[in-house]
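Each remark here refers to the structure printed beneath this line.
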Amino acid sequence: MKTDTKKILIIEDDELIADIYKRHFESAGFEVCVEKNGAEGYYRIFRFHPDAVLLDLLLPGMDGPTIIRKFRAQKGFTTLPILVFTNAYLGDMGRDAVSAGATLVFNKATTTPQQIVAAANDLFSGKIKAPVASPPQAESAPREENPALSLFAESSFSSGDATKPDAVAPDAPAPKPPQPDAPPADELENQIAFQTAARGGFLGKVANRIDAMRDIVRQFKLNAGGAPKAETFLELSHLAHTISGGAAIVALDYLARLAAALEAFARELSECPAQFGVPQRYTLAKTIDMIARLATCGPSCQVKEFSRFHVLVVDDDEFSRTLMGRAFDWANLSHVATGRSETALELLRENKFDLVILDVNMDGLSGFEICAALRKMDHLLNCPVIFVTVLSDFHSKMVSLQTGGKDFIVKPFAPMELALKSILYMIGAQLGPEALSDASPPEPGMK
Amino acid sequence: MRRLWNCADEDKQELQRLVGNYLREMEAQLGRMEVALAAGDCAEMTRWAHRSCGASATFGMVAITIPLYALEHLGRAQTLEGAEIHLAQAWRQLELIRDFFQTQPETKG
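Those sequence lines, one after another, are chains A and B.
Be aware that the first sequence starts at 1, since it is given in the working numbering, and climbs by one per residue.
Be aware that the second sequence starts at 448, since it is given in the working numbering, and climbs by one per residue.
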């Protein structure tokens, strides 16, 4: 006999995250089945006959996009809702999932279980119209043609910054995102109680993962002569992935964002291990230290909402500004850019930025002079400054520190590393001066 | 190409716009370096060589940064002796870059 109980299949390899989602869906009246392996999850679909699938994209056995593609190729499965998690930095993967036929794509670092359950309910009630899966598209096809992509854009927003374009589909229309209605007071209390209880379990497991990440970075140091293997970076990326997803569930936003950026950076390094050097190792080590600190202090250190962070980019090269803008879009950070030093000074006088990126050599005032000027502005005394320049000599690095710079990145820079460092320094500034020691040592610049 | 493609957010039009701007800017800046060389103006040589070196490095066009860095270095050292050789190399590299983009399906035409 057919009942009204909806069935959901969760394919997620992280036990903690899967368990939390399972409990949320069960308490919302769903029948839930969990699979931790991608290939087993794929075959489970045919036996369990779910009404919806919640799918992580990074899985052992078979990755998320492959599962979706294989599944959509089966007759009779073109409209089954498939909700997927991804990392906002890994746009390729999200796009791949959408072109394979994902129904909704969520940013793992910023989405709560309540939002996922609400989205599933909205899909079943028809409040959100699920786009019919389309056949895989050519890579060069315009993104706007796929209806699920705009859902990806809207659902990957973290919160409230409507003025900022999304990293994946900046030109896509922005209809109302599938947010849950405000819960009644008693339900809110339950949510808070749940998050508090879940946080204990999550933090207990995070300590082991942090240790594992530290071991990896330590190995990088010991093997300084040899190039690290791609698999090692993927292992690091996976550890960060599990921390990011878990932290989002238990409302540790800073931790979730930082771990998501680390995940993406480690993945980028896995694709090009040759770009890894001492400065990157230093960045990884600092990030892991900060992750440990954020895990220790819990939600109390989240002084300022992440969505309220603002970045100023000052660089007279258009492409450089575009590349940095892209990095900040990925990080979901609001940013403004200028190529004129006079405009930069005006903006600095009138606004409280949380991070300033400065090119060194520009017409008019140099980046060093702008930095010295902003250090005299009371409202920017503790604002971190990162210099991004083609200069890589020791003297320039020393001047950058003397004028109040926090770090120094040499062009050509990796946008993912810039995003990671930016988040690291902005969170560090919120935690106080002892959160991060000073800038990187004067070592060779990035390749 | 991957770097550029990412930067353009996998938008072909945006990629073509960025590449077009880069090629135009580089041509203009190399032209300014020619003027600086003819005038013996070390400060202008430093300024434009530095700017185009930064733009090229960010754009991922590493080979052209070698002659550009040499030009910047000469300008800072207040001499332009041998600058014409580096400048010719930079023009040659720019042509190679242009040819490269002409052969890429995402940017040709």
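Every residue, glycine too, gets a C-beta built ideally from N, C-alpha and C.
Remember, predicted model here, so these are calculated numbers, not experimental data.
Query, Result
"Asp407 (chain A) classed as buried or exposed, judged by whether at least 16 other C-beta atoms fall within 10 angstroms", "buried"
"As assigned by DSSP and simplified to three states, the class of Asp19 (chain A)", "helix"
"Beta-carbon neighbours of Ser320 (chain A), restricted to chain B and to distances below 8 Å", "Gly501, Ala502 and Thr505"
"Arg340 (chain A) at chain B interface by Cβ criterion, 9 Å", "no"
"Gly522 (chain B) vs Ala483 (chain B) beta-carbon contact at 9 Å", "yes"
"Phe413 (chain A) burial status per 10 Å Cβ neighbour count (16 or more: buried)", "buried"
"Closer than 9 Å to chain A by CB, Cys489 (chain B)", "no"
"Residue ranges of each alpha helix (DSSP H) within the region 289-347 of chain A, 4 or longer", "318-330"
"Asp474 (chain A) - partner residues in DSSP beta bridges", "Nothing about residue 474 (chain A) can be read from this structure; chain A reaches only from 1 to 447."
"Range covered by the beta strand (DSSP E) that runs through Asn107 (chain A)", "Leu104 to Asn107"
"Distance CB(Leu451 (chain B))-CB(Leu462 (chain B)) smaller than 9 Å", "yes"
"Proximal residues of chain A, C-beta to C-beta of Asp546 (chain B) below 7 Å", "Here the premise fails: no neighbours, minimum Cβ distance about 20 Å."
"7 Å Cβ shell around Trp495 (chain B) - same chain, five flanking residues per side excluded", "Gln476, Arg479, Met480 and Ala483"
"Straight-line Cα distance separating Ile357 (chain A) from Thr116 (chain A)", "First, the amino acid is wrong: residue 116 (chain A) is Ile here, not Thr. Going by the C-alpha atoms only, they are around 36 Å apart."
"For Asp354 (chain A), three-class secondary structure by DSSP", "coil"
"Collapsed DSSP secondary structure at Val390 (chain A) in the structure displayed", "coil"
"First and last residue of the uninterrupted beta strand (DSSP E) at Asp407 (chain A)", "Asp407 to Val410"
"C-alpha distance - Val105 (chain A) paired with Leu269 (chain A), whole-angstrom precision", "24 Å"
"Within 9 Å, strictly: CB atoms of Leu55 (chain A) and Gly41 (chain A)", "yes"
"Own chain residues within Cβ distance below 7 Å of Thr505 (chain B), not counting five before or after", "none"
"Neighbourhood of Ser422 (chain A) by C-beta distance below 6 Å, restricted to the same chain and skipping five residues each side", "Leu355"
"Contact with chain B by Val390 (chain A), beta-carbon distance below 9 Å", "yes"
"Ala240 (chain A) beta carbon less than 9 Å from that of Ala259 (chain A)", "yes"
"8 Å CB neighbourhood of Phe548 (chain B) in its chain, flanking five on each side removed", "Val466, Leu470, Thr554 and Lys555"
"Buried versus exposed call for Asp546 (chain B) [16 or more other C-beta atoms within 10 Å across all chains shown]", "exposed"
"For Cys33 (chain A): DSSP bridge partner residues", "A:Leu9"
"Residue(s) in a DSSP beta bridge with Val385 (chain A)", "A:Val356"
"Cβ neighbours of Val250 (chain A) in the same chain (closer than 7 Å, five flanking residues each side left out)", "Gln195, Ala198, Arg199 and Phe202"
"Arg479 (chain B): contacting residues in chain A (beta-carbon distance under 9 Å)", "The contacting residues do not exist; Arg479 (chain B) stays about 13 Å from chain A at best."
"Partners in chain B for Arg214 (chain A), counting only beta-carbon separations shorter than 9 Å", "The premise fails here: Arg214 (chain A) is roughly 29 Å from chain B at the closest Cβ pair, so nothing lies under 9 Å."
"Segment contact flag, the region 67-86 of chain A with the region 36-53 of chain A, C-beta cutoff 8 Å, min 3 pairs", "yes"
"Contact check, Pro50 (chain A) vs Leu9 (chain A), beta carbons under 9 Å", "yes"
"Short Cβ contact (9 Å threshold) for Met290 (chain A) with Ile427 (chain A)", "yes"
"Nonlocal neighbours in the same chain, by C-beta distance under 7 Å from Ala97 (chain A), ignoring five residues either side", "Leu57, Gly64, Pro65, Ile68, Val84, Thr86 and Val105"
"Cβ-based neighbour list, Ala455 (chain B), same chain, cut-off 7 Å, excluding 5 preceding and 5 following", "Glu461, Leu462 and Leu465"
"Per-residue burial, Ile82 (chain A) [other beta carbons within 10 Å of its own, 16 or more giving buried]", "buried"
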